[in-house]
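*Asks:* Count along the sequence shown from 1, then add 6; that gives the number in my numbering.
For each residue, glycine too, the CB sits at the ideal point set by N, CA and C.
Keep in mind the model is a prediction, meaning the values are calculated, not measured.
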Amino acid sequence: SIDLTGTSFNSSFASIDVTGDYAYIANSSNLIIVDISNPVGTPTPIFYSLGGTFGAKRIVVSNHYAYVLGGKLATVDISDPTNPDTVDVMDLGSMRNDLAISGDFIYVADDGGLYIIEITDPSSPSVRAVADLGGSGNSVDAVAVKGHIVYALTNFNGDDQRLHVVDVSAGSISVLDSI
7 SIDLTGTSFN SSFASIDVTG DYAYIANSSN LIIVDISNPV GTPTPIFYSL
57 GGTFGAKRIV VSNHYAYVLG GKLATVDISD PTNPDTVDVM DLGSMRNDLA
107 ISGDFIYVAD DGGLYIIEIT DPSSPSVRAV ADLGGSGNSV DAVAVKGHIV
157 YALTNFNGDD QRLHVVDVSA GSISVLDSI
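1) So, for residue 145: in the same chain, excluding its five sequence neighbours on each side, which residues have a beta-carbon less than 6 Å away from its beta-carbon?
2) May I have the straight-line CA-CA distance separating residue 104 from residue 165, to the nearest angstrom?
3) Please work out which residues of its chain come closer than 8 Å, Cβ to Cβ, to residue 93, disregarding the five sequence neighbours upstream and downstream, and give them in chain order.
4) According to DSSP, residue 261 sits in a beta bridge with which residue or residues?
5) In three-state terms, what does DSSP make of residue 180?
6) Comparing alpha-carbon positions, which option in 43, 112 and 78 lies nearest residue 60?
7) Could you check which residue in 168, 154, 181 and 185 has the C-alpha nearest to that of residue 175?
8) Which word fits residue 112, buried or exposed, when buried means at least 16 other C-beta atoms lie within 10 angstroms of its C-beta?
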């Protein structure tokens with residue numbers, strides 16, 4: 007195991023993704039990058055600040071970019087893991103809960119709905135569509151994607167939980183079923 011004992015992270019971990027020889031960890035206001043090429047020892051983590059109140063909840067790495075979801079959606083260039091660089095920060099305006107990536111799109115579960123964000127140019131992501139999956143008071147809590155089908159879990163005021171099956175072909179939204 008890799009020993010991180012004695013390393014001060016200042017808050018608990020929120021999410022982890024691993025690609026190549028690196029683990030990318032989101033915790034509150036930091037992106038922490040750990041070289042895991044040697045499975046034993048004590049690596050020196052790289053701390054990259056996302057801002058004091060970022061509130062990171064989830065991280066996904068794709069094509070040399072780390073997408074960190076918190077109070078906003080940060081896109082961090084990690085092509086050189088020892089020198090990360092934020093290339094965009096997008097404010098979606100409400101409470102973000104989860105994200106998934108497939109191809110050139112990010113799918114964000116949000117209290118305001120399901121966001122489809124195009125990331126063809128990671129330095130300039132753009133919202134392509136927002137799906138309201140159930141109306142006022144309905145929170146999209148989790149999202150997963152396989153191909154062009156998105157699976158979204160919603161919670162309506164704590165009483166009505168549903169799994170929505172959504173076709174997102176070509177960046178459009180079509181709800182196929184709600185279970």
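*Replies:* Looking at the coordinates:
1) 117 and 161
2) 20 Å
3) 71, 81, 82, 83, 128 and 129
4) Residue 261 lies beyond the stretch modelled for the chain, which goes from 7 to 185, so this question has no answer here.
5) strand
6) 78
7) 154
8) buried
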